[in-house]
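Position 59 of the sequence shown, counting from 1, maps to 58 under numbering that gives the first Met the number 0, and the rest follow consecutively.
Every residue, glycine too, gets a C-beta built ideally from N, C-alpha and C.
Take a look at the structure below.
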Amino acid sequence: MKEKSFIDEITDNCHRVEERIAEACVRAGRARDEVTLIGVSKTVEAERVQAAVDAGVTRLGENRVQELCEKQPLLTGNPEWHLIGHLQTNKVKQVVGKVALIQSVDSVRLAKQIEKVSAAQNLVTPVLVEVNIGREASKSGVFAPDLEKLLTEIADFSHISVRGLMCVPPISDSSDKKRNYFAKMHQLFLDIRDKKLDNIDMHILSMGMSSDFEEAILEGSTMVRVGTALFGRRDYL
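And the structure:
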């Protein structure tokens with residue numbers, strides 16, 4: 000039997016992920032178009048990422064600024080790029096204007112730098128605020144009790160548009176535990192949205208990765224960030 004090419008494998012993976020998202024939406028009583036797929040291309044070679052774009056993945060997420068800047072000009076098909084990893088203030092100039100969404104704003108200091116760079120380019124940069132829903136010392140993100148204060152402080156920035164929230168919950172083998180974290184995050188999202196804070200447009204809830212995106216969809220995620228399920232494990236590098 001002829002061995003599958005990596006293009007065929009990634010194409011099959013893309014179709015399988017799409018089916019799983021659609022099935023989770025049905026289980027949740029939601030329309031398929033309520034959930035946006037981000038293909039996470041961290042450490043994935045441009046050729047493999049291109050295969051996913053050719054298979055219909057229209058949005059890509061990178062964790063590192065340098066890798067995003069190196070990979071972006073190599074791809075065709077005009078995919079939409081998101082920065083999903085921790086962003087250092089000294090890297091903001093390299094990413095503003097190159098991405099459709101920065102998903103990892105976790106401090107006023109970082110927001111101020113994005114505001115400054117965006118103003119210099121006469122841009123409004125869409126962002127998500129990252130919440131450390133599991134209060135893990137090893138992860139970035141604002142703790143839930145501090146979220147409203149952070150949002151209030153950055154709401155006046157005219158060159159940043161807060162579009163919603165993002166989280167990376169603790170790793171768990173239990174579906175119930177995963178759903179519990181996602182449910183807490185969804186409730187936080189709804190609570191903030193109901194407050195109707197000035198200049199805060201709370202409509203994106205980015206949560207769920209390869210190991211838990213179905214649970215995230217069941218608990219209200221509007222955007223899932225999927226890498227391994229699309230590209231395979233990174234043991235080919």
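Using a Cβ-Cβ cut-off of 6 Å (strictly less than) and excluding sequence neighbours within five positions of Lys199, which residues of its own chain qualify?
-> Looking up residue 199 in the sequence shown gives position 200. According to the sequence provided, residue 199 is Ile. The question's Lys does not apply to it. Excluding the 5 residues flanking it on each side, Ile199 has same chain C-beta neighbours closer than 6 Å at Leu150, Ala154, Val161, in chain order.
If we call anything under 8 Å between Cβ atoms a contact, is Arg58 one with Gly38?
-> As a first step, residue 58 is located in the sequence shown; it is residue number 59 there, counting from the start. As a first step, residue 38 is located in the sequence shown; it is residue number 39 there, counting from the start. Yes.
Coil, strand or helix - Leu74 by DSSP | Sequence index remark: in the sequence shown, residue 74 carries index 75 (1-based). Here Leu74 sits in coil by DSSP.
Is the CB-CB distance between Met206 and Phe181 below 8 Å?
-> Translated into positions along the sequence shown, residue 206 becomes position 207. Translated into positions along the sequence shown, residue 181 becomes position 182. A contact, by the Cβ cut-off of 8 Å.
Return the CA-CA distance between Ile203 and Arg232, expressed in angstroms with no decimal places.
-> As a position in the sequence shown, residue 203 is number 204, starting the count at 1. As a position in the sequence shown, residue 232 is number 233, starting the count at 1. One C-alpha to the other measures close to 27 Å.
Pick helix, strand or coil for Ile203, following the three-state DSSP scheme.
-> As a position in the sequence shown, residue 203 is number 204, starting the count at 1. Strand.
Under 6 Å Cβ to Cβ from Thr124, same chain only, skipping five residues before and after it: list those, please.
-> On the sequence shown, residue 124 is found 125 positions in, with the first residue counted as 1. Around Thr124: Val95, Ile113, Ser117, Ile159.
Span of the beta strand (DSSP E) around Leu82 | By one-based count along the sequence shown, residue 82 stands at place 83. Unbroken beta strand (DSSP E) run through Leu82: 79-82.
By DSSP, does Arg232 sit in helix, in strand, or in coil?
-> Translated into positions along the sequence shown, residue 232 becomes position 233. Coil at Arg232, not helix or strand.
Three-state secondary structure assigned by DSSP to Glu135 = Against the sequence shown, residue 135 aligns to sequence position 136. In this structure, Glu135 counts as coil in the three-state DSSP scheme.
Do Ala136 and Leu187 have their CB atoms nearer than 8 Å?
-> On the sequence shown, position 137 is the one that residue 136 refers to. On the sequence shown, position 188 is the one that residue 187 refers to. No, Cβ-Cβ distance for Ala136 and Leu187 is not below 8 Å.
So which of Lys148, Leu217, Glu147, Asn179 has the shortest CA-CA distance to Ala30?
-> One-based indexing of the sequence shown puts residue 30 at position 31. When only C-alpha atoms are compared, the closest one is Leu217.
From Thr10 to Ala27, what does the alpha carbon distance come to, in whole angstroms?
-> As a working mapping, residue 10 is identified with position 11 in the sequence shown. As a working mapping, residue 27 is identified with position 28 in the sequence shown. Near 26 Å, if we compare the C-alpha coordinates of Ala27 and Thr10.
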